[in-house]
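In the UniProt record's numbering, the protein residues as written are 1 to 272.
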């Protein structure tokens, strides 16, 4: 149901405007614009062929890019972007595998006009994955760019880390840092499949069924499922619910790390 033709949508909140664009088969790229300065940055660089077009259409000046992790569908456009914008700053957490200009680490804070960007080290999908937690200091509006760490109703595969590392990232970091009223912007349009799996995990969870119906309607009408609300994710995302009895029973495990591991393994084999 995902439309591969590039479309756009935005969330306008006075001084922080977030524009979502599709890239490649099912990736999202995001443009974050400070309305007061008309300067902006892009999150992830899977396909930079449309960057200048978005910049012209949205009437802002692109000055920076933030990359969540080194996988090609999020980072491959960095060299070409530097050719198009020689002065651009490219921030990322992996200087060995990403063509960046500024390496960042956990708890770094970058000021971008009236926007404050906090780097959260989120290993799990990869060893050097980071998320970006952006707050408009004038309005209090918050946005979390999760790359492939957390999706709507899902989480990324544990490619380079054991489940214990992803558990620490989710439950000891993100759960403690991210406010419930934060809009979460994820890296891929996997929402319907994720919600189908969530329905299998918790068939009696009415929140899952409700979200599935809402997302299906959104996608069928040509809209995106991004963003989701962080607080709502706790109600239907099984990877944020490993301490719930229903999820433990589905995984036939009690230890939360084992539950997360089994949940990820079952999702890997899910064909619903």
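Where is the CB? At the ideal position from N, CA and C, for every residue including glycine.
Alpha-carbon spacing of residue i relative to residue j, whole angstroms
i           : j           : result
residue 131 : residue 161 : 16 Å
residue 49  : residue 94  : 23 Å
residue 244 : residue 106 : 29 Å
residue 35  : residue 231 : 26 Å
residue 197 : residue 216 : 14 Å
residue 259 : residue 247 : 8 Å
residue 266 : residue 118 : 33 Å
residue 114 : residue 31  : 15 Å
Member of the options whose CA lies at the smallest distance from the CA of residue i
i           : options               : result
residue 98  : 81, 269, 185 and 262  : 81
residue 193 : 96, 180 and 208       : 208
residue 87  : 220, 61 and 227       : 61
residue 75  : 28, 136 and 220       : 28
residue 127 : 114, 166 and 235      : 166
residue 147 : 168, 33, 123 and 96   : 123
residue 241 : 170, 271 and 54       : 170
residue 58  : 25, 16, 78 and 69     : 16
residue 47  : 137, 67, 24 and 54    : 24
residue 66  : 120, 182, 125 and 159 : 120
Start-to-end residues for the alpha helix (DSSP H) that takes in residue i
i           : result
residue 197 : 191-201
residue 263 : 256-268
residue 51  : 51-58
residue 206 : 206-220
Host beta strand (DSSP E) of residue i (start-end)
i           : result
residue 109 : 109-112
residue 17  : 16-23
Strand pairing of residue i, partner residues [DSSP]
i           : result
residue 142 : 135
residue 339 : Residue 339 lies beyond the stretch modelled for the chain, which goes from 1 to 272, so this question has no answer here.
For residue j and residue i, believed in contact at Cβ under 8 Å, the rounded distance
i           : j           : result
residue 153 : residue 195 : 5 Å
residue 144 : residue 178 : 6 Å
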